[in-house]
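K.L.:
Please see the structure below; I have some questions.
2 protein chains.
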Amino acid sequence: MNRVQEGPVAKGRRTRPARATIRDVAAQAGVSVSSVSRVMNGEPHTSPELHARIMRAVNRLRFEPHSAAQALRSRESKTIGCMVADLSNPLYSEMINGAEEELQRAGYVLMLAATRHEEDRETAFVSAVRRRRMDGLLLFAGDNAHTDFTGALANLDLPCVAIDREVSGVPSVRADHRGGGLEITRYLIGLGHRRIALLTGRAALLPSSERLAGYRQAHAEAKLAVDPDLIRPQTQGSSIAFSDVCQLLRSPNRPTAIITLGTHMLAGVMDALASSGLRYPDDVSLVCIGDTDLARHATPGISALTWDLDQMGRVAANILLDRIRGGDEAKKIRPVYLPTRFILRHSGATPRAP
Amino acid sequence: MNRVQEGPVAKGRRTRPARATIRDVAAQAGVSVSSVSRVMNGEPHTSPELHARIMRAVNRLRFEPHSAAQALRSRESKTIGCMVADLSNPLYSEMINGAEEELQRAGYVLMLAATRHEEDRETAFVSAVRRRRMDGLLLFAGDNAHTDFTGALANLDLPCVAIDREVSGVPSVRADHRGGGLEITRYLIGLGHRRIALLTGRAALLPSSERLAGYRQAHAEAKLAVDPDLIRPQTQGSSIAFSDVCQLLRSPNRPTAIITLGTHMLAGVMDALASSGLRYPDDVSLVCIGDTDLARHATPGISALTWDLDQMGRVAANILLDRIRGGDEAKKIRPVYLPTRFILRHSGATPRAP
DNA sequence: CCCGTTCTTGGAAACGTTTCCATACCTTAT
DNA sequence: ATAAGGTATGGAAACGTTTCCAAGAACGGG
C-alpha cells in the first residue's frame, strides 16, 4: 500500500485534489476504518472520545462518504425513482413538488424521468431503476395499455406507489375523480341540461375513465341516456379541443353544457366558443376540472373541480417510505382516496328554452 | 470462493432471487470477467463470436450491471443534479422538461431537488452532489445572496450550467430579460404612459433585476424619471400582488400602466383591478411577462413577453454535456442569450387625459 | 524465417464503503 | 475466583465493476 500519508492533497499541478476517503480519516484520527464507519452512521457502542476524535478528522479533511461505495456494500441507494409522462403539466409538477419535499426530509433523492407516454422510455426507466438499485418508485398517471412496461414493473419486486393510476399489486393514491365526475354531472343535470359534453384526457388514464364512470352514473340516476358522441377523450392539448368543440357546437343538437380539463384544454374550448359566437353561461354552461388561474380569472369565473395536489404527492411519498421501511402498513394495497371539491362560480346556467 | 454455480436462483424460500453479476455471466459464457465488461461497454477488440456468446448469457441471466459498482470503479455516475427553487412554477418545470429530454438521450439521469429558496436546502444539495459524485449540475434561477451556498458551489469543481442566474465562473443560459423589459417599457412609454408600475419577482433573482434595468433604460432614453414607489419586487404569489396593486391604484397619482409577471401575479393584479372598479385597457394598460393561458384567454387578451422555455432547458443541457465531455467549448463561460418576443394583444391603450 | 505490431483474451488489483468476526477489556452474578 | 455477558475497538472480507498489465495468437515486412 503506497498510499500518500499526507492526506487529500493534489499530486500534480492541474489535477484536482483527491477527495479524502474513510481510510484517510482513520489514519488522521489514529483509529480503525470500521470505527469511522460506525461513528459516521451513528451506531451505538462508540465512546465519546472516539467520536470527538473522528469528527475532528472528518471536518479537517472535509470527508464526505462516497455514496456509490455505500450503495454497493449496503445495498441501499437512498434514491427514489419518479416516473411521469409530462413534467410540464402543472398538475404533475405540483404533486412532484410535494412528494420531493417529503422524500428529501427522509434523506432520499428523487430521480426523475419524463416518458411522454412512450413505452420505450418507460421500460428504459424501469431498467435504470434496476441498475441503480433504487429503493422505491413513484408512478404518476400513465397508460396501462403498455403491457411491456407493466410486465417489467411486475418483475421489479420493489416498493412502488402509483398516483392516479392503477397498477396491479401496487398501492395507490387517487383523487376521487369518479365522485367528482358524479358531482359536477349531477349539478349540470340539476340545472336542466340533457346534453353534456365530456372532454376529458386520454381514455387510458385512470382519472379520465373514473370521471367518465361518474358521468355515466349521474346520467343513470336521472334515467338519461348517454350520447357517446358527446364523450371526447383528448390526446393532445388545446388545439385538438378547439376543433373538436367547434365541430360539436356546429351540430344540430349541440351540447348545452361542457365539462373539460382545466389545463390546456379549457383554453381551446374558450376559443372554440368565441369563434362560434357563443357565450357562457348563457349559450353553454361550463365546468372545468382542475382549478387554474384561467378558470379563476376568466369573466365570468368558471366553476371548477379541484383537489389537493401537493397533499397528494406527500401522501404518496409517505406511503412509499412506509413500504421501504417494511412497516406494518406494508401489506395494504387498497387505494387511498383524496376528496375532490367543487368550486361554484358563474359559468353554469339553466339551458335556454329551445 | 463458495459461490453457487447454478446462477441467480433463490437460496431460501421467501428470499428474492439474487441478481446475476458479471461473474455469473462470465461463468455462464465460459469467458473471463474482463471480456464481459468489454463487450458490455462496446469496446473495440472483441471478436464477433465472443460477443455473441456473452450476449446470449447476458440475456439468459437477465444481467444488468450494478451502476453503483460502475460508478465506484469508473468515477462516473451518469447523473446530473438539478436544483430549482420551486418545481411547481410552470416556468421552471417546462425548462426542466426540455433539459431532461436531452440528458436522457445522452444516457444521464436527472436528480432533482427543490430548494424553496432556503439556503440550507441548497447547501444540503451541494453536499449530495459531492457524495453522489454527480457528473454535472444544472442551476435554475436562485438567490445569489446566499453566500454559503455560492461558496460551496465554488469549491465544487464540477461542470455546471446556470439558467437565468449568474454564478461566477459558471456558464449560463439566459433569456434576454433586459431587452424584453426595454421593449415593453418603450412600448408603454410610446403609448404615452408616464407612470408605469413594475411588478417583478424577487429582486435578488437575475430575471427581475435585468428586467428592471431594461425598464430604467427605457425611461432614461425618454428622459423620464423613475418613481421608485412604482417598482414593486414581489416575494410571493398573487395575494401579495393583490394588496400591493390595490394600494397602488388608490394613490392620488396612480400608475396608468402595469407590467407584471404572468404566473400567479397577473391573477392578483386582475383581482385588484376588478375590486378597484377599474378596467383594462381603458383605465390601466397591462403587459405581462411569460405567456400563460390566463394572458391569452382573458378578455381582452393581455399582451405578453415570452421566450422559449423548452428550448432554454435543452440549450442548457447541451452546454452541460459539452462541458462534461470536456469539449473545446469548455472554456467559454460567456452567457448565451435567448431572445424574448413581445406578443401584442389588446391590453394596452393611450392613457386617458387626466 | 524471424521480429515487431496489432488484435484478442485472461488475471488480478483497484474503487471506498459496510459488516462480520475476533479480541481485549470491563462488569456482575454465581 | 471464575464463568458469563456486555462494550469498545480493530482486522479483513466482501460488494460488482473497470482497468491495467501480461501473454498468446495472428499478421505482415524485410
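Residue numbers (numbering that gives the first Met the number 0), protein chains in the order written: chain A, 0 to 353; chain B, 0 to 353. Ideal Cβ positions, reconstructed from N, Cα and C, are used throughout, including at glycine. Since we're looking at a predicted model, the values are computed, not measured.
#1: Could you compute how far the alpha carbon of R333 of chain B sits from the alpha carbon of V125 of chain B?
#2: Starting from S73 of chain B and walking both ways along the alpha helix (DSSP H), at which residues does that stretch end?
#3: Who are the Cβ neighbours of N1 of chain A in its own chain at under 8 angstroms, not counting the five residues just before and after it?
#4: Can you list, in chain order, the residues of its chain whose CB lies under 7 angstroms from that of L109 of chain B, leaving out five sequence neighbours each side?
#5: Counting only Cβ-Cβ distances shorter than 8 angstroms, please list the residues of the stretch 267–291 of chain A near chain B, keeping chain order.
#6: Given this structure, state the Cα-to-Cα distance separating L247 of chain B from L229 of chain B, to the nearest angstrom.
#7: Identify every run of the beta strand (DSSP E) within the stretch 301–344 of chain A, keeping only runs that are complete inside it and at least 3 residues long; order them along the chain.
#8: Check the Cβ of E99 of chain B against every Cβ in chain A and list those closer than 9 angstroms, keeping chain order.
#9: Which residues in chain B have a C-beta closer than 7 angstroms to the C-beta of N355 of chain A? List them in chain order.
#10: State yes or no: is the C-beta of F341 of chain B within less than 8 angstroms of the C-beta of E182 of chain B?
#11: Decide if the stretch 23–43 of chain B is in contact with the stretch 313–321 of chain A; the criterion is three or more beta carbon pairs, one per stretch, under 8 angstroms apart.
#12: Give the secondary structure of P47 of chain A by DSSP, where H, G and I count as helix, E and B as strand, and everything else as coil.
#13: Looking at C-beta atoms only, is the number of pairs between the stretch 147–165 of chain B and the stretch 178–196 of chain B that lie closer than 8 angstroms three or more?
#14: Taking DSSP as the reference, what is the three-state secondary structure of G180 of chain B?
#15: Quick one, are the C-beta atoms of G289 of chain B and A266 of chain B less than 8 angstroms apart?
#16: Please report whether the beta-carbon of R132 of chain B lies at a distance below 8 angstroms from any beta-carbon of chain A.
#17: Measuring CA to CA, which of A:P64, A:P43, A:M39 is closest to R52 of chain A?
#18: Could you compute how far the alpha carbon of T114 of chain A sits from the alpha carbon of R59 of chain B?
#19: With a threshold of 6 angstroms on Cβ separation, who are the neighbours of G11 of chain A within its own chain once the five nearest residues in sequence on each side are excluded?
#20: What span of residues does the beta strand (DSSP E) with R173 of chain A cover, start to end?
#21: Looking at the strands, I want to know which residues DSSP matches up with R231 of chain B.
#22: In angstroms with no decimal places, state the Cα-to-Cα distance between L198 of chain A and D309 of chain B.
#23: If we call anything under 8 angstroms between Cβ atoms a contact, is G347 of chain B one with S284 of chain B?
#24: Can you tell me the Cα-Cα spacing of T298 of chain A and A151 of chain A, whole angstroms?
#25: Nearest-angstrom Cα distance between A56 of chain B and R131 of chain A?
#26: For a contact meaning CB atoms closer than 9 angstroms, what does L71 of chain A contact in chain B?
#27: Give the single residue among A:V172, A:G141, A:M133, A:N143 whose Cα lies nearest to the Cα of A315 of chain A.
#28: Keeping to the same chain, check which residues put their C-beta closer than 6 angstroms to that of L204 of chain B; ignore five residues upstream and five downstream.
#29: Using the Cα positions of S34 of chain A and A25 of chain A, report the straight-line distance between them to the nearest angstrom.
#30: Does DSSP put R12 of chain A in a helix, in a strand, or in coil?
#31: Would DSSP call M82 of chain A helix, strand or coil?
#32: Using a Cβ cut-off of 7 angstroms, pull out every chain A residue sitting near P158 of chain B, in sequence order please.
#33: Could you check the C-alpha separation between A221 of chain B and R253 of chain B for me, to the nearest Å?
#34: At least one CB of chain A closer than 8 angstroms to the CB of V108 of chain B: is that the case?
#35: Which bits of chain B does R104 of chain A rub up against, with CB to CB less than 8 angstroms?
#36: Between which two residues does the beta strand (DSSP E) containing G135 of chain A stretch?
P.N.:
Let's see:
#1: A straight line joining the alpha-carbon of R333 of chain B with that of V125 of chain B spans about 23 angstroms.
#2: 66–73
#3: Because the pLDDT at N1 of chain A is just 38, under 50, the model does not fix this residue reliably, and the point stays unresolved.
#4: I79, C81, E99, L102
#5: M269, D270, T291
#6: 8 angstroms
#7: Within the stretch 301–344 of chain A, the complete beta strand (DSSP E) runs of at least 3 residues are 302–305, 335–337, 340–342.
#8: Contacts between E99 of chain B and chain A, judged by CB atoms closer than 9 angstroms, involve L86, L111, A112, A113 in chain order.
#9: Here chain A comprises residues numbered 0 to 353, so residue 355 of chain A is not present and cannot be evaluated.
#10: Yes, the Cβ-Cβ distance between F341 of chain B and E182 of chain B is below 8 angstroms.
#11: No contact exists between the stretch 23–43 of chain B and the stretch 313–321 of chain A.
#12: helix
#13: no
#14: It is helical.
#15: The answer is no: Cβ separation not under 8 angstroms.
#16: At least one C-beta of chain A is nearer than 8 angstroms to the C-beta of R132 of chain B.
#17: Residue A:M39 is the option with its Cα nearest to R52 of chain A.
#18: Roughly 28 angstroms between the two C-alpha positions.
#19: The predicted position of G11 of chain A is uncertain, since its pLDDT is 35 and thus under 50; a value taken from the coordinates is nonetheless stated next. No residues qualify anywhere along the chain.
#20: 171–174
#21: B:L198
#22: 27 angstroms
#23: Yes.
#24: 48 angstroms
#25: 21 angstroms
#26: H65, A67, A68, A70, L71
#27: It is A:V172.
#28: A140
#29: 8 angstroms
#30: Caution applies to R12 of chain A, whose pLDDT of 35 falls short of 50 and renders its modelled position unreliable; the model cannot decide the point.
#31: strand
#32: Neighbours of P158 of chain B on chain A: none; closest Cβ ~12 angstroms, over 7 angstroms.
#33: 20 angstroms
#34: yes
#35: The contacting residues do not exist; R104 of chain A stays about 10 angstroms from chain B at best.
#36: Per DSSP, G135 of chain A belongs to the beta strand (DSSP E) from 135–139.
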